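In my numbering, the protein residues as written are 23 to 95.
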């Protein structure tokens, strides 16, 4: 594989992970707090505080060792 920018053959491939964490919004927090207050139960608010969703996507990136150009493969 050759570099797109400089034409060098010193190219390495890497696997890159993009991690996105989605937390509850303000309305979700208010809902869970009101639910905990109405039922007077701490058990209902603990999952809301610790709940978050994580998405991970992997893609391969080529990196030129000469000029530093990165591109998706």
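From the three backbone atoms N, C-alpha and C, an ideal C-beta is built for every residue, glycine too. Computed from a predicted model, the values in this text were never measured in an experiment.
Straight-line spacing of the CA atoms in residue 77 and residue 35 works out to 23 Å. Residue environment for residue 48: exposed (fewer than 16 other C-beta atoms within 10 angstroms of its C-beta). For residue 31, DSSP records no beta bridge to any residue.
Using a Cβ distance threshold of 9 Å, residue 33 and residue 84 count as a contacting pair.
In this structure, residue 93 keeps its C-beta atom at 9 Å or more from the C-beta atom of residue 37.
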